[in-house]
Amino acid sequence: MHEIDTLARVNEILFPLILFPILFIALASFQKAEWNNILPLIRVPWETIITGAFETNFSFQGYEIMLIFFAFAHENTGKVKAGFYGIGISVFVYTLIVLAGIVVFGHEELQRVTWPTLELVKSTQVPGLILERLESAFLAVWVAAVFTTVANGYYAVIYGLRQLLKKGMLFQRIASIVLIFPLFFVAIGPQNIVELFKMTSLIGYTTVWISVVSPLIHWLIMLYRDRGRKREKGSDAHG
């Protein structure tokens, strides 16, 4: 309901509160690591690896929101460097958590775990027993992580509608309230975890189209238009 600088401040506040606990949990879980679980490195066909890599792409969706935020950044700031840093941090954290899950549980047990990260937290012990129920604290971090993801995506949708319809701040505030209701009914649609996973997979395939295929089509159209304009200028100059 506010301008983008308010959302940016919220992200700045929650970023360290999300990143450092996750890094701590991933590193602390290596206490029970069995590094033989990693070997052999390639144990499945390449077709399976490619399929898994494509589905892993769903976890990285949402990076296009940075393009909206970059529009508000100053020209003399390193936008490209900041973007690579942001994606690089996500890649590092995801890789660290996956590595911790494999070395702690093994690939066979990991296939039967619905929430591997939460199970990893339950198996982690803090030295000195400062926190006996570490998963309770981690759930608070998880809620904050989900909130930042949903809030940034939701703001991008609202702001995009505002720019598309050429409306003011009042429209943005009203739309942010009105669109909560259909979003709520979509969220309560799945009746069990199987339906939930099917919906997330469908959303994942949809976001791949939005963030990869659609920009590529727009880029080809712009490239074709630029070539057409150059040809027109060349023909005018020749004439």
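Under my numbering, the sequence shown has 523 at position 139, and the numbering climbs by one with no breaks.
No residue lacks a Cβ here, since even glycine has one placed at the ideal position from N, Cα and C.
Evaluate residue i with the Cβ neighbour count: other Cβ atoms within 10 Å of its Cβ, from every protein chain shown; 16 or more gives buried, anything less gives exposed.
{"i": "Ser625", "result": "This structure leaves residue 625 out entirely; the chain is present only between 385 and 623."}
{"i": "Gly485", "result": "buried"}
{"i": "Pro566", "result": "exposed"}
{"i": "Ala410", "result": "buried"}
{"i": "Val428", "result": "exposed"}
{"i": "Asn420", "result": "exposed"}
{"i": "Phe569", "result": "exposed"}
If I'm right that residue i touches residue j with Cβ under 8 Å, what's the distance once you round it to whole angstroms?
{"i": "Val477", "j": "Ile406", "result": "6 Å"}
{"i": "Lys465", "j": "Phe454", "result": "Lys465 to Phe454, Cβ: 12 Å. No contact."}
{"i": "Gln508", "j": "Ala412", "result": "Note on residue identity: the sequence assigns Thr, not Gln, to residue 508. With 8 Å as the limit, Thr508 and Ala412 qualify as a contact, their Cβ atoms being about 5 Å apart."}
Kindly list the residues whose CB is nearer than 6 Å to the CB of residue i, restricted to its own chain and excluding five residues on each side of it in sequence; keep chain order.
{"i": "Leu580", "result": "Pro574"}
{"i": "Val448", "result": "The sequence as given places Glu at residue 448; Val does not occur at that position. Result list for Glu448: Ser595, in chain order."}
{"i": "Ile452", "result": "Ala540"}
Tell me whether residue i sits in a helix, a strand or coil according to DSSP, three-state version.
{"i": "Trp499", "result": "coil"}
{"i": "Phe456", "result": "coil"}
{"i": "Asn576", "result": "coil"}
{"i": "Pro424", "result": "coil"}
{"i": "Leu563", "result": "coil"}
Report the option in the options whose CA atom is closest to the CA atom of residue i.
{"i": "Leu425", "options": "Gly490, Phe453, Ser443, Glu459", "result": "Gly490"}
{"i": "Thr533", "options": "Pro599, Asn395, Lys416, Leu518", "result": "Asn395"}
{"i": "His458", "options": "Val570, Asp389, Ser585", "result": "Asp389"}
{"i": "Gly671", "options": "Met450, Leu423, Ala437", "result": "In this structure the chain extends from 385 to 623, so residue 671 is not present and cannot be described."}
{"i": "Leu483", "options": "Arg393, Phe414, Leu401, Trp499", "result": "Phe414"}
For residue i, which residues of its own chain have a beta-carbon under 8 Å away from its beta-carbon, when the five flanking residues on both sides are left out?
{"i": "Gln445", "result": "Gly588, Thr591, Val592, Ser595"}
Quick one: what's got a C-beta closer than 7 Å to residue i's C-beta in the same chain, skipping five residues either side?
{"i": "Thr501", "result": "Ile481"}
{"i": "Gly467", "result": "Met450"}
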